[in-house]
Amino acid sequence: MDFTGSQVRPGDLVRIFKDGYVIEGIVMPLTEYSSKDLLVIKLSNGYNVGISIAGARIEVIKERYINIEELTAEEPRVSFVRGMSDKLISVISTGGTIVSKVEYGTGAVKPAITAEELLEFVPELKDLGSIEVVDLFRLLSENMDPDHWTAIANTVAKKLNGGVDGIVVTHGTDTMSYTASALAFALRNLPMPIAMVGSQRSSDRPSSDAALNLLSAAITSLNAPFGEVVVVMHGVISDSYSLVHRGVKVRKMHSSRRDAFQSINDLPLAKVDYSSRKLIMINSRYIKRCTKGELIVMPKFEKKVALVKAYPGFNHEIIDFLVDRGYRGIVIEGTGLGHISESCISSIRRAVEDDVIIAMATQAIFGRVNMNVYTTGRRLLLSGVLPASDMLPETAYVKLSWLLGNFSDLNEVRGLFTVNLVHEINEVHEERLFPKWYHGL
Amino acid sequence: MKLMKSMKNDYSLSGTMDFNYDELGLRVGLEVHQQLDTKAKLFCKCSTKLYEGSFEGVARIERYLRVTKSEIGEVDPAAVFEFMKGKKIIYLAPSNHTCGVELDEEPPHELNREALEIALGIAMGFKSKVVDEVHVMRKIVVDGSNTTGFQRTAIIALGGELDDDEGIVRIQTICLEEDSARKIDDLGDAVVYNLDRLGIPLIEIATAPDIKSPEQALRVASKIGLMLRLTNKVKRGLGTIRQDLNISIKDGAKIEIKGVQRLELLPKVIMYEVLRQLKLLEIKNELIRRGVREEDIQDRIYDVTNLFRDTKSRLISGNVSKGYKVYAACLKGFKGLLKLELQPGRRFGTELSDYARQWGGTSGIIHTDELPAYGISHDEVLELYKYLGANIESDAIVLTVGPEDRCINALRAVINRAKEALRGIPKETRAANEDGTTRYMRPQPGAARMYPETDVPPVKIDERIIKEALKYVPKDPGSVYDELVRKYSLSQELSRQLLRSPYITYFYELVQEFGDEIPPQYVASLLTIHIGSLRNEGVPVENLSIEVIKHALNALRQGRLSRDGVINVLREYALDNRRPISELIEKYSTALDIKYIYDAVHRVIDSNIDELVKRKDKAFNIVMGRVMNELRGKADGKLVAEVVKKVLNERLGHGY
Ligand SMILES: [Zn+2]
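If you want it as structure tokens, here you go:
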């Protein structure tokens, strides 16, 4: 029987007769970029080619030759594989590309969200202990919002109270440092490190950084002496060691490199050497592990908080707009030591009078806000702007959202914002904290 | 055995192998990979020139590739998995030749338009059907030669054909793909690659297994190569074109052979592979005749270090003193077979040794068919047989020395290969050696593991691309030959030579540039005979770009260089291309005072006057030779000859 292009469906085995050629293969779903008058055909040698259906005769040899199904959202589920030791590691999966695998029949890349699938990819995890995988979300990290932080915090808290020996949270890398900060404030007095981990090369590739990052994260959570929320990622672009960064001090500093995550204004807490699988401490300033009973869970976040960037031409109406829309907090990513155009000062004053908390971090990323040096800074301080010290703008934003979510007394919020809670502020910046760049030989 | 007239029981392989390929059922498919001469690489903007500097200070990155079982083919996936497990890969990334894309630190950019247009032009030249949308795929490759663990490759055209004297050879697919990294060292537990080559666009032309003789393979490969060169958009020189083969005979196996770099080797590679398969079948039959069964070959591996306590063998004692051990395995019924030659200089024992090397990373094996040797005594051999409970009349013993896990893996691979011998010819991927023989590389992968490269959007082939691609469609080789003979009056021999040379497109460009002022015959012989002899001298002629040759010929046209001077300039430039060509032209310039030539001629006549008078008939040759020698190519021979004739006529009378 002959068909037109619109009658064949992905998964059908077809034969196309065109311009004296015969092409046989399986119809694939069109890509976002493919033009609509085409069929994408997977040939028997595994290649895909796009064939225009104009002037073609199409014969369907077998309908639904392979099954191409859309991934359906399922209820969160938990899977378990027993390991080689009596330790139990809980892996909370929230999405991203860290755990995905290819189905070669269809070419589709799907998340691998069971313990079995995870161990197929990182069999060494089994040496460390039994593995439990909680399939919590399948979110791309750009779609993560404060409600998800709350859900992750609650899930982690439940695991901590239930008795596990290690906790690893897998996450997309784009906003992983925001979630890390959120967990760091929401869960204090931790009995073990909460190791967040992602991958810069998706795990469907043989060169993925996912396996070594995961392994390092598990080692960290099991063995490290601190009780902090950390991000564990490649330290360099070689597969030689991972760095363990404090969640409130880490930032994604490159759009694609494996070593994109680096500690800013602080030393990494530790590194994990791949060949020896040993955790080596780097930073002596850390929060020690607490006992299980001491855990404090405060998982709420205020969503009416904004992070805005100052730039030449910034219009004070933006601040007015946020205030009028009922925002309760604004973190300004100011220039240099913590500035924004003087033309904004009256808007800022109005905001403060309306009980909106205004904080100032620096878009220079490295270094500390100091608003006493220049006139504008002094005027901003007098207007009631809170300096964020050396907090990353992202951390300051999360901290303000958390404070407003959990404390009703605004004076308390103001007070807590400027003091150090979980080492989000580092009072001492040694020379070696600033990276060295290439300046020619 | 009647198929192999020259094969005798002494297994000597000298002389030609006179096979009846028809009767043997030879089938050969060819895959030609040719680098395209584009400005940038296929998925980034790095240069397609190779790095030539030292590796001091060059970025060095260490990686591991991780393979899950689903990523390897159907043949023995577990084995391949083991193969790459834990192998460290070291990448060297010279600046300007590599960026984040080669290092797998940045996603690929869009498919290089120029490369796509050239490839489409070539496809049209082979009457192949261009696809309507190009989809880039990831093909899993786990040997480390691609930083990603896969090669990016796309089919751009399907079908097509080539005429040949022995019948039409069908084209199966034409692909555009990225070249792999250059392997520069193997340290046993680590491999070292230079990333400069990774990402250079390659066109791959794959024929159906329609080729039926070694000579036909050479013809077809030459023709494909010529058509590629006729686009003027492919790279020249060793390593820029590589041929892969798949070869099968009746009752044999389809064997893949990778990386034949010299075209002339193709017939030899095919012939030697046919020979190898026949010899392996012979071994199989001999084993059956001896009554050896697969279950007779034991998997047991023995630690025999103690037997060599007092050995005189430095190979063994040296390793044992490092703390290594000696292991042995018995191949029941194999006595004498390991020394059987399969290809010139390659015995069955060599094959086993390759397996040991590839799977165990040991330096190879020692076997009883070659003992006593390496300082191992006859008594030690006897001890060995006794210890293993083996029969010295009928069994072979294989030894290896090194770290325990490597030795075990090595001997396990050897035992498995020996069992395969009972079944016939294992499906292997083999690598071509310089002499046309081949060595074992790895088992053949099953169906290629492919999935879409989602980082690169598919490219719709519209009229605009096709119009650009038409610029690169190569001429038909037959019509080129006719044109050389008719239009440019080249001899048939010279025309054929030119078509075989890498410089056919240079010829067209130079003839167009210099028109009648420099005869096309001279241009043709410069590009074939003269540059050919420079190559034979060992001069790196790949340094001669079309621009350099143009400069030299321009100087010839202006009378500043003689023809000899042209060769001298090209030789010296090729040997050291840091010097500007203008300086070399100056050095060999014929802008000599004509008076200088006259002086030289007079001087030579004066000092040889007696001889010249006596041998008047030889006078011209004597003077000419000595003057040319004195001027050392600085003067054009024709001009010197005129002066010599004139002066001889003046001084010794007429008749020169
Ligand atoms: Zn590049």
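Line order of the protein sequences matches chains A and B.
Residue numbers for the first sequence follow this note's numbering, so the first one is 1 and each next one is one higher.
Residue numbers for the second sequence follow this note's numbering, so the first one is 1001 and each next one is one higher.
Note that CB positions come from ideal geometry on N, CA and C, so glycine has one too.
Given that a residue counts as buried once 16 or more other Cβ atoms are within 10 Å of its Cβ, and exposed if not, what is residue i?
i          : result
Gln1343(B) : buried
Ala1206(B) : buried
Pro312(A)  : exposed
Leu1187(B) : exposed
Ser181(A)  : buried
Glu1273(B) : buried
Arg1152(B) : buried
Val1541(B) : buried
His1033(B) : buried
Thr291(A)  : exposed
Arg201(A)  : buried
Asn48(A)   : buried
Met196(A)  : buried
Trp402(A)  : buried
Quick check on DSSP: helix, strand or coil for residue i?
i          : result
Glu1161(B) : strand
Val169(A)  : strand
Phe17(A)   : strand
Ala1431(B) : strand
Val122(A)  : coil
Asp354(A)  : coil
Thr31(A)   : coil
Asn1194(B) : strand
In its own chain, which residues sit with a C-beta less than 7 Å from the C-beta of residue i, not counting the 5 before and 5 after it?
i          : result
Phe226(A)  : Pro193, Leu269, Tyr286, Ile287, Lys288, Arg289
Val1643(B) : Ile1597, Tyr1598, Val1601
Gly1333(B) : Leu1287, Arg1290, Val1292, Asp1296, Ser1394, Asp1395
Ile144(A)  : The sequence shown places Met at residue 144(A), rather than the Ile named in the question. Within the same chain, Met144(A) has close Cβ partners Thr175, Thr179.
Leu1307(B) : Glu1380, Glu1383, Leu1384, Tyr1387
Asp1303(B) : Lys1325, Tyr1327
Ser240(A)  : Tyr274
Just how far apart, CA to CA, sit residue i and residue j?
i          : j          : result
Asp19(A)   : Arg57(A)   : 10 Å
Arg1276(B) : Arg1182(B) : 29 Å
Ser1394(B) : Val1269(B) : 33 Å
Thr1400(B) : Gly1364(B) : 7 Å
Val1260(B) : Val1220(B) : 14 Å
Ala388(A)  : Asn154(A)  : 27 Å
Leu140(A)  : Glu1468(B) : 40 Å
Arg1197(B) : Pro111(A)  : 33 Å
Ala1619(B) : Val1613(B) : 8 Å
Arg1346(B) : Val109(A)  : 45 Å
Asp204(A)  : Asp12(A)   : 25 Å
Arg1496(B) : Tyr1481(B) : 7 Å
Val1640(B) : Asn1146(B) : 59 Å
Lys36(A)   : Asn67(A)   : 22 Å
Arg1464(B) : Glu1586(B) : 47 Å
Glu1110(B) : Arg1442(B) : 33 Å
Leu1337(B) : Lys1250(B) : 23 Å
Of all Cβ atoms in chain E, is any one closer than 8 Å to the Cβ of residue i?
i          : result
Gly1159(B) : Protein chains in the displayed structure are A and B, and chain E is not among them.
Among residues of its own chain, excluding the 5 on either side of residue i, which ones have a beta-carbon nearer than 6 Å to its beta-carbon?
i          : result
Lys1279(B) : Leu1342
Leu1534(B) : Val1541, Arg1571
Leu1422(B) : Leu1287, Glu1294
Lys1258(B) : Asp1244, Ala1431
Near residue i, which residues of its chain fall below 8 Å by C-beta distance, leaving aside the five closest residues on each side in sequence?
i          : result
Lys87(A)   : Leu128, Gly129, Ser130, Asp165, Gly166, Leu222
Gly1375(B) : Thr1311, Lys1312, Ser1313, Arg1314, Leu1315, Ile1316
contact_flag[the segment 306-326 of chain A, the segment 253-270 of chain A] where n(CB pairs < 8 Å) is 3 or more:
no
Would you check if there are 3 or more beta carbon pairs closer than 8 Å linking the segment 1120-1127 of chain B to the segment 1435-1452 of chain B?
no
Give a yes or no on contact between the segment 117-124 of chain A and the segment 200-219 of chain A, applying the rule of three or more CB pairs nearer than 8 Å.
yes
Sufficient close CB pairs (3 or more, under 8 Å) joining the segment 1045-1056 of chain B to the segment 1297-1315 of chain B:
no
Tell me, please, whether the segment 1305-1323 of chain B touches the segment 1238-1254 of chain B by the rule of three or more beta-carbon pairs shorter than 8 Å.
no
Any chance the segment 1054-1064 of chain B sits against the segment 1088-1102 of chain B, with 3 or more Cβ pairs inside 8 Å?
yes
Examine the Cβ distances between the segment 1223-1230 of chain B and the segment 1500-1508 of chain B and report whether three or more of them are shorter than 8 Å.
yes
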